[in-house]
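Residue numbers (this note's numbering): 1 to 499. Below is one structure, written out as structure tokens, with a few remarks after it.
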């Protein structure tokens, strides 16, 4: 009898573990959550600008918040301390990426590095990218390219200034970053072909729009693609993929035909590794791997710097006191030298404060890229379970009143005598993220923004188009993976003559 009871009891316990696994996690405490609707969960809460909607929700439900976005369990953290726990203390628990099945998947079967799981392949490719493109040494080597492209931009602005014409800074600065990134990464030969083609710039803009658009297949695996097909997103995505694929094929073909002397560029290096049948992780490097890597470099490196510069100029034109102060610093330092060198940037502390303040208020990627939890951990006593998508609301952190005094005011002086920077160790300012998934291009992006803005502010004064006042500058954000100004920024450059 006792043996029979023992067997029955063992069977019941086994069934509990097999059929009702959640019961063994009864001590798990999920973060607070807004009420969920059937099927869609909390998708209706996101709105057009998810980072702002999530910020408002966090004020009610706290800095660690659980949502269900369609079929995807999601946790959002919204303060420096919770971000520190996620990205530093428990970095290894949540350093993978979810597969971006919808609008972000412009690579189809390519090995997309930005959304690759945390594995040996990802680590080795990231190491190659840092060594060949983003190291301090490599960024210094491309300074002549930035010098040439910034000079070209200054000449273009001088022409507009002579005619008193307003310029769309978004278009100008996007063209600049496209040229710098492609010349530095893919070889200067493309400066004379694809990069001067308006259709290429249009293709890049379309890619950014798709990356930031709502894609049902991101939230409803297996069935969401049908909705994307009905809305036309699937067709647009296919056109962009074909356009980008043609660009990658042209780059690869041209590099294979050329006989170069001296050091190899990034594409040369990848082609050499392919020819040598190099293995990265468990994968042999193929043509499609190269295309995926180039896609990540192209799309990740172009938009972020241009958007940061546009937001900075918008804030400066709205704050004449700050504009005058930063221009005085630059012009007093340069004086009669007539030009700005990369080395001189370190002698412009107020310019660096202005840029940090812009990053605080206008982070380019306000939710960073999502992470996927690998193993269970806790933040503030709340359990974060595997397969959960984790977002860090950098936009909310920049407006946290417990961290920043008068957070809505543009005040670069708040960084005076402060050690806070954007290199990933200060969780009050996470422009480039932190931890294993931090953006590897932090030094390249920072140097480009600083150098270009210093030149624009030295060589030109800036005014609004006729009939506009400071109050008319529209600071509304456009939705997307990166957040740009919704209506662009038109300014009139006026040539500054240093006598």
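All residues carry an ideal CB built from backbone N, CA and C; glycine is no exception.
**Item:** Straight-line Cα distance separating residue 31 from residue 391
**Value:** Taking the straight line from one Cα to the other gives about 14 Å.
**Request:** Quick one: using the 10 Å Cβ neighbour count with 16 as the cut-off for buried, is residue 466 buried or exposed?
**Result:** exposed
**Request:** Please check the pair residue 436 and residue 182, which I expect to be a contact at CB under 8 Å, by giving their CB distance rounded to whole angstroms.
**Result:** With a beta-carbon spacing of about 27 Å, residue 436 and residue 182 fall beyond the 8 Å limit used to define contacts.
**Message:** Distance cutoff 8 Å, beta carbons only. Does residue 283 sit that close to anything in chain D?
**Reply:** Chain labels in this structure do not include chain D; a single protein chain is all it has.
**Request:** Specify the secondary structure class of residue 516 as computed by DSSP and reduced to three states.
**Result:** Past the boundaries of the shown model lies residue 516; the chain is included only from 1 to 499, so the question cannot be answered.
**Message:** Quick check on residue 354: buried or exposed, where buried means 16 or more other Cβ atoms within 10 Å of its Cβ?
**Reply:** buried
**Prompt:** My guess is that residue 340 and residue 85 are in contact by the Cβ rule of under 8 Å, so how many angstroms apart are they, rounded?
**Reply:** About 41 Å separates the two Cβ atoms, so there is no contact after all.
**Prompt:** Count the other CB atoms within 10 Å of the CB of residue 184; is the residue buried (16 or more) or exposed (fewer)?
**Reply:** buried
**Request:** Assign residue 229 to buried or exposed, taking buried as 16 or more other Cβ atoms, counted over all protein chains shown, within 10 Å of its Cβ.
**Result:** exposed
**Request:** Could you spell out where the beta strand (DSSP E) holding residue 85 opens and where it closes?
**Result:** Per DSSP, residue 85 belongs to no beta strand (DSSP E) and is neither H nor E.
**Request:** Compute the distance between the beta-carbons of residue 427 and residue 80, then report whether it is under 8 Å.
**Result:** yes
**Prompt:** How big is the Cα-Cα spacing for residue 403 and residue 360?
**Reply:** Roughly 11 Å separates the two Cα atoms.
**Asked** Of all the options 474, 132, 38, which has the alpha carbon lying nearest to the alpha carbon of residue 487?
**Response** 474
**Request:** Measure the C-alpha to C-alpha separation of residue 460 and residue 199 and round it to an integer number of angstroms.
**Result:** 30 Å
**Item:** Top-ranked residue by Cα proximity to residue 299, from 159, 51, 418, 247
**Value:** Closest option to residue 299, Cα to Cα, is 247.
**First through last residue of the beta strand (DSSP E) which encompasses residue 510** = Because the chain here runs from 1 to 499, residue 510 falls outside it and cannot be looked at.
**Message:** At the level of alpha carbons, what is the spacing between residue 76 and residue 374?
**Reply:** 16 Å
**Prompt:** Are residue 214 and residue 72 close, meaning C-beta to C-beta below 8 Å?
**Reply:** no
**Asked** Taking only runs of the beta strand (DSSP E) that begin and end inside the region 388-455, which ones reach a length of at least 3 residues, in chain order?
**Response** 389-392
**Asked** I think residue 303 touches residue 451, with their Cβ atoms under 8 Å apart; what is that distance to the nearest whole Å?
**Response** About 18 Å; that fails the 8 Å criterion.
**Item:** Alpha-carbon spacing of residue 150 relative to residue 37, whole angstroms
**Value:** 51 Å
**Straight-line gap, residue 122 to residue 164 (C-alpha atoms, nearest Å)** = 50 Å
**Prompt:** Should residue 158 be labelled buried (16 or more other beta-carbon atoms within 10 Å of its own) or exposed?
**Reply:** exposed
**Asked** Where residue 276 and residue 238 are concerned, what is the direct C-alpha to C-alpha distance, given to the nearest angstrom?
**Response** 32 Å
**Start-to-end residues for the beta strand (DSSP E) that takes in residue 379** = 377-379
**Message:** Could you tell me the alpha carbon to alpha carbon distance between residue 481 and residue 365, rounded to whole angstroms?
**Reply:** 6 Å
**Cutoff 8 Å; reference residue 333; Cβ partners in own chain excluding five residues on either side** = 344, 347, 348
**Message:** Quick check on residue 144: buried or exposed, where buried means 16 or more other Cβ atoms within 10 Å of its Cβ?
**Reply:** With fewer than 16 Cβ atoms within 10 Å of its Cβ, residue 144 is classed as exposed.
**Item:** Nonlocal neighbours in the same chain, by C-beta distance under 6 Å from residue 117, ignoring five residues either side
**Value:** 96
**Asked** So is residue 286 buried or exposed if we call it buried at 16+ other beta carbons inside 10 Å?
**Response** exposed
**Asked** Across which residues does DSSP place residue 462 in a beta bridge pair?
**Response** 493
**Prompt:** What residue does the alpha helix (DSSP H) around residue 51 start on, and which one ends it?
**Reply:** Note, residue 51: alpha helix (DSSP H), 50-61.
**Prompt:** How would you write the range of the alpha helix (DSSP H) that residue 139 sits in, first residue to last?
**Reply:** 136-141
**Request:** Buried or exposed for residue 363, please, with buried defined as at least 16 other CB atoms from any protein chain shown within 10 angstroms of its CB.
**Result:** buried
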